[in-house]
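As given, the protein sequences belong to chains Y and L, one line each in that order.
Residues in the first sequence are numbered from 5 upward in steps of one, following the numbering used here.
Residues in the second sequence are numbered from 75 upward in steps of one, following the numbering used here.
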Amino acid sequence: MSVGLQSMETDVVVLGAGPAGLAAAVSARSAGARVLLVEREDRVGGILKQCVHDGFGLEKFRERLTGPEYALREADAFRASGASLLTEAYVTSATRSGDSSFLLDCVSPRGVAQVRARALVMATGCRERTDRQVFIHGDRPAGIFTAGLAQYMVNVQGLLPGRRAVILGSGDIGLIMARRLTLEGVKVEGVYEIKSEPSGLARNVRQCLEDFGIPLYLSTTVTSVRGRRRVEGVTVAAVDGRSRPIPGTERELACDTLILSVGLIPENELAVSLGVPLDGATRGPRVDQNMHTLADGVFACGNAVHVNDLADYVSESGRVAGGAAAAWALGGPQARDLTPLRAGPGFLYAVPQFVDVLSGERGSVFFRSNATVAAGARVSLGAMKDDDRRELAAKTYPVLRPPELERLVLPPELPSGADSYILDMERMDGGGNDA
Amino acid sequence: MAKPRHVDKTRGSGAETGALPLAKALDKLRKAYGTGIELRDDRGSLALEGAVATWRDKIDAGWAAARFGYRGVVNDLAVPGLEPERLEPPGIKDCSLDGLAVDVAVIGGGVIGASVARELARWNLSIILIEKEYDVAVHTSGRNDGMIHDGFAAKPGTKKAWYNVRGNRLWGSWARELGVDFKRQGSLVLFRGRTSAAAYPLMASRAKENGVDGWEYWSRSRVRAEEPNASPGQHGGFFLPSAGSLSPYKATVAIAENAAANGVRVSFDTCVLGFDLESESIAAVRTNRGTFRARAVVNAAGNWADAVAGMAGDRFFSLHQRRGSDLILDVTTGVTQKHIMSMPSLFQAREKTKGGGLVLTPEGNILVGPTARELPGREDYATAPEEIRELERHLKVNVRLSLSHVITYFAGVRPCTYEEDFIVEPSQRVRNLVHAAGIQSPGLASAPAIAEDVSAMVVRVLERSMAVRPRADWKPHRLAPPELRRLPLEERARLIAANPRYGRIVCRCEEISEGEVRNALRSTLPVSSLDAVKRRTRAGMGRCHGGFCTPRVMEIVASETGTGLCDVLKKGEGSWMCAGPSKSGGRS
Ligand SMILES: Cc1cc2nc3c(=O)[nH]c(=O)nc-3n(C[C@H](O)[C@H](O)[C@H](O)COP(=O)(O)OP(=O)(O)OC[C@H]3O[C@@H](n4cnc5c(N)ncnc54)[C@H](O)[C@@H]3O)c2cc1C
Ligand SMILES: Cc1cc2nc3c(=O)[nH]c(=O)nc-3n(C[C@H](O)[C@H](O)[C@H](O)COP(=O)(O)OP(=O)(O)OC[C@H]3O[C@@H](n4cnc5c(N)ncnc54)[C@H](O)[C@@H]3O)c2cc1C
């Protein structure tokens, strides 16, 4: 073998050491599998490392933790599990080798490792959308940051991105950064959201904007950026029902910083290269209740599957994916019988998209509504057989909002022989879906 | 000694050689563009003064004036509401160049200035390359299609035609010497109908007249066999095998690095503000970083070349700006066609550009464009939504392409004279000044040939006052830094064993390592801005647009340059990335 080229073998490789990957590694290891966790950065914890505000862990630990504290607990559990870890390691390619294993090329400062594994867990998280095409014509000056980048600069590098900021988009990270920057002495001119509703959690709008007197402008967007070397100002304008700027409503704002919080996109380049089909609505792999993708032996969890707003849910999906991956790796390929689970009208999406009726695991369905249902709604899961719908589970929610991920627990027994499962929404005000 | 090879047949020496008399010229212009126009014979050039109603009228009047047979058109027509543009020098002011004396000062770090500097470095000369930005290829040379044209499209007899064909040949050896990725895919011009197919004999005779290296007629079925995804509306095509493409900014960086390795001093953030003239010669060059002496000066200032000529009292032409936009399609599209393809429509024959098409880049993307619009703004790179729609029609040339493949777009500005040809000549008024001006498309393709001639002209100027001899130690070759993602695993492992930083990936979208970022900062060119790193390595060009790698690259820049994170710049002076330390101090 040539210099620096090593080979390794293991049962389960977990890609990404955020909360999803850490939980997956721990659960695969406790199921008896040999586990290798591969992380691109020099430390585990993923995006939590930069989320210094609290509010993590209420479900899992029944405590209010900061992101780094939550990550520390997960990292401790990981260390105790006996799974192996490769940091500063980047998987450049993943291919199938034969029927029952995968070959990964893994680059790190220690060399190039070729890793053979029987099952893969994709826990690669998400990236931020940049929206570049929409309005930044011409040359891009310094001073345009995604919210996550600004968060990293302030919380990890100890740097202020600017002195006077405009925030475009009302995603959670943008709201949290509005507060953080204000506390740091940066003047936040306002948060501008093109949609008619905020895209972040109501709790964050209250605690991050209202409590600090930061204005939120709905149905308004940034139409242009001024400044050649550094941002000098932006133009904002109100938009009509089809998101087009309304002439005559333009306003010039002086600022040196524009922060974009316009959404997150699951990272799945490696999964796609293995032929894993994605869901158009979540932009993550379509999975069954074991977080098994449609490609045998490839599992996925956390924000790589869909964008979660609670780290607790992320850990839970990691636990499920890790356990199932270990069973697959140790027990060899098992037959699956996948019945589709569809979201009816009124939903943005539902995960999982399939139920493997041969598997004993049940778990939950996670979903988002596609518009605010202020009156509340009853959400139910039905099994469809020919044209008959048999209700399996239901729950009433006092309010549904697109930013809030909701959960419906599945019953322990699912009837076999259904053609499909369907999630339905019944609004308490009797109204139809108007989104 | 090398002599200028191109004998100028197109440009007369002044108004006396059969030019339209001033009164008649004025009459014509006033009839068409209004009575606000005044005319003056400015030492052989036609100076347009006064005012017209619109920018378009100004440009049209300039073009009309160019047909009157004068040496050049100086168009100072005012347009209501539009202030003439002023050169904005960088804010840096120091005296780092004070007292310097060089043999040659080359103004402009585009592909033309860099190529001239590289050629001049063959001789025993002290040379400085002056660029007002933080890097080379920041303007037009970094904002074009990267096509090395065959030379067919240029009008026979023009400098454009001559330099293009010669430049195309030279790019083969230049790319090899410089380690630049250059592919000659060939260019396929598709016929839209039987009538355009009938133009083949005319096209062939034009190609022959221009001296193009090869052309072929391809039947409809040949096109179908070679390019199965070509539009079904094609009626065969005209194939030009010598055409190719390269990355224009990587090529310019490579040229400038090689020039610097051969002793050329490169001074960034340095803007030429004026000249001290003594007995019809430039005695000294004034910049924001001091005043220095030069025996010869080359004007390769791109969109400001007329302003630089004016500083020397030699403004015999003026430039107008033709903006062009391109769409960039993602790398998966590159496999859907083998050649550069276009399908001109007949109306394009009247436009002053080749009409655009689909240019395959060596990296596997497809560029769609460029457009051509006469707009004020020498450095205005905004793209209008209607231009994007205009470019959509090119997508039809390859049935596999759609708008969903577009990852981004950009614009560039062509520096054009009203004669619509290059100016490559020694000044007639200033004894030690050589112009390489009005280098519009195909300027990139022509650059090596223009550089050869300009270099020879400069040597002739210098020989009046010194002995110019070839340097024995001139190194034509540049060792290109490795691009790890393109190497086989074993090779990659070997490099990492020697330098572990090649194993630390900082840009996860484009798979760029710390070692590659450091190489970009350690080249022979003094660059340290994030955008300079991005253009060399692609770190930050991927799908997250730098969201992940920006802090890492900032840290590497700070460690390489020995400065603090707060001193890191995105694109030169004034483009600061952070305002200072945060209260919490970070490292949570
Ligand atoms: C910028 C940002 C800020 C956020 N802030 C909050 C917040 O304040 N509160 C909240 O509740 N939620 C927040 N979220 C949502 C948060 O991401 C989730 O709650 C949770 O942290 C996601 O966990 P994960 O493990 O799925 O992904 P991540 O935590 O993103 O972990 C993914 C890991 O995978 C690694 N990785 C990716 N690709 C590869 C590869 N090819 N090879 C090796 N390793 C790889 C990454 O380096 C990373 O460590 C934020 C998300 C982002 C993007
Ligand atoms: C959209 C588009 C597509 C094109 N496609 C092609 C193509 O496919 N093939 C082809 O061959 N050609 C193409 N061209 C043309 C080609 O890009 C140009 O001909 C070429 O880049 C011109 O190079 P330059 O060095 O003259 O100008 P520039 O690259 O603009 O360089 C001039 C430099 O001078 C500097 N400068 C100016 N004034 C001063 C001063 N006072 N002091 C110091 N520095 C100064 C500027 O900052 C600038 O960097 C295209 C052009 C455009 C706009």
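Every residue gets a Cβ at the ideal spot worked out from N, C-alpha and C, and that includes glycine.
For a test of the three-state rule: what should DSSP assign to residue i, helix, strand or coil?
i: S34 (chain Y); result: helix
i: C130 (chain Y); result: strand
i: D392 (chain Y); result: strand
i: M651 (chain L); result: coil
i: M628 (chain L); result: helix
i: P550 (chain L); result: coil
i: V355 (chain Y); result: strand
i: K102 (chain L); result: helix
i: F421 (chain L); result: In this prediction, F421 (chain L) has a pLDDT of 49, which is less than 50 and means its spatial position is unreliable; what the coordinates show is noted afterwards. DSSP places F421 (chain L) in helix when its eight states are reduced to three.
i: E273 (chain Y); result: helix
i: D115 (chain L); result: strand
i: S501 (chain L); result: coil
i: Q137 (chain Y); result: Since pLDDT at Q137 (chain Y) reaches only 44, below the 50 mark, its modelled position is unreliable, and no value is offered.
i: P489 (chain L); result: strand
i: T186 (chain Y); result: helix
i: D80 (chain Y); result: helix
List the residues of chain L that residue i touches, going by C-beta distances under 8 Å, in chain order.
i: Y317 (chain Y); result: Per Cβ cutoff of 8 Å: no residues; Y317 (chain Y) is ~23 Å from chain L at best.
i: R246 (chain Y); result: Going along chain L, no residue has its Cβ under 8 Å from R246 (chain Y), so there is no contact; the nearest lies around 15 Å.
i: T134 (chain Y); result: C618, H619 and G621
i: Y94 (chain Y); result: I579, R582 and E585
Which bits of chain L does residue i rub up against, with CB to CB less than 7 Å?
i: M157 (chain Y); result: P625 and C652
i: P406 (chain Y); result: Ordered by position in chain L, no residue passes the 7 Å Cβ test against P406 (chain Y), which lies about 23 Å from the chain.
i: T150 (chain Y); result: G621
i: P145 (chain Y); result: S649
i: V276 (chain Y); result: None at all; the shortest Cβ gap to chain L is about 11 Å.
Looking only at C-alpha atoms, which of the options sits nearest to residue i?
i: R246 (chain Y); options: Y:S223, Y:R255, Y:G237 and Y:R234; result: Y:S223
i: M126 (chain Y); options: Y:P402, Y:A398, Y:P349 and Y:A325; result: Y:A325
i: I356 (chain L); options: L:G387, L:A334, L:V338 and L:I204; result: L:G387
i: A188 (chain L); options: L:G638, L:T232 and L:F342; result: L:F342
i: L244 (chain L); options: L:A227, L:V263, L:H223 and L:S478; result: L:H223
i: D433 (chain Y); options: Y:L9, Y:G380 and Y:A32; result: Y:G380
i: V116 (chain Y); options: L:D547, L:R609, L:A594 and L:R559; result: L:R559
i: R77 (chain Y); options: Y:G166, Y:L385, Y:N307 and Y:A315; result: Y:A315
i: A530 (chain L); options: L:D115, L:V148 and L:R196; result: L:R196
i: A398 (chain Y); options: Y:D391, Y:R382, Y:T343 and Y:S105; result: Y:R382
i: C623 (chain L); options: Y:G152, Y:V30, Y:H57 and Y:A330; result: Y:G152
i: T134 (chain Y); options: Y:G350, Y:E45 and Y:T150; result: Y:T150
i: Y237 (chain L); options: L:E647, L:A523, L:D547 and L:L449; result: L:A523
Who are the neighbours of residue i on chain Y, taking C-beta pairs under 8 Å?
i: S633 (chain L); result: By Cβ distance, chain Y contributes nothing, its closest Cβ being about 13 Å from S633 (chain L), past 8 Å.
Taking all protein chains shown into account, do 16 or more other C-beta atoms lie within 10 angstroms of the C-beta of residue i, making it buried, or fewer, making it exposed?
i: K549 (chain L); result: exposed
i: Q137 (chain Y); result: Unreliable positioning characterises Q137 (chain Y) in this predicted model, as indicated by a pLDDT of 44, which lies under 50. The coordinate reading is nonetheless provided below. By the neighbour-count rule (16 or more Cβ atoms within 10 Å), Q137 (chain Y) is not buried but exposed.
i: V276 (chain Y); result: exposed
i: M286 (chain Y); result: This sequence places Thr at residue 286 (chain Y); Met is not what is there. Its Cβ being crowded by 16 or more others within 10 Å, T286 (chain Y) is buried.
i: H551 (chain L); result: exposed
i: C652 (chain L); result: buried
i: G231 (chain L); result: exposed
i: F370 (chain Y); result: buried
i: V210 (chain L); result: buried
Quick check: is any heavy atom of ligand 4 less than 8 Å from the C-beta of residue i?
i: K167 (chain L); result: This structure lacks ligand 4; its bound ligands are ligand 1 and ligand 2.
How would you list, in chain order, the residues of chain Y whose beta-carbon sits under 9 Å from the beta-carbon of residue i?
i: P322 (chain L); result: Residues of chain Y passing the Cβ test: none, with the nearest at roughly 16 Å.
If the cut is a Cβ gap below 7 Å, which residues of chain Y does residue i touch?
i: K412 (chain L); result: Within 7 Å Cβ-Cβ: nothing; K412 (chain L) doesn't reach chain Y, min ~24 Å.
At 3 residues or longer, what runs of the beta strand (DSSP E) sit wholly inside the segment 211 to 255 of chain Y? 224 to 230 and 237 to 242
Completely contained alpha helix (DSSP H) runs for the segment 212 to 254 of chain L, where each covers 4 or more residues: 233 to 252
Give, in chain order, every unbroken run of the beta strand (DSSP E) that is at least 3 residues long and sits entirely within the segment 146 to 183 of chain Y. 148 to 150 and 168 to 172
Those runs of the alpha helix (DSSP H) which lie wholly inside the segment 278 to 339 of chain L and span at least 4 residues: Complete alpha helix (DSSP H) runs here, min 4: 294 to 300 and 322 to 335.
Give, in chain order, every residue of the segment 232 to 264 of chain Y whose Cβ lies closer than 7 Å to some Cβ of chain A. The structure shown contains no chain A; its protein chains are Y and L.
Enumerated in chain order, which unbroken segments of the alpha helix (DSSP H) with a length of 4 residues or greater are wholly contained in the segment 134 to 200 of chain L? Correct list: 185 to 194.
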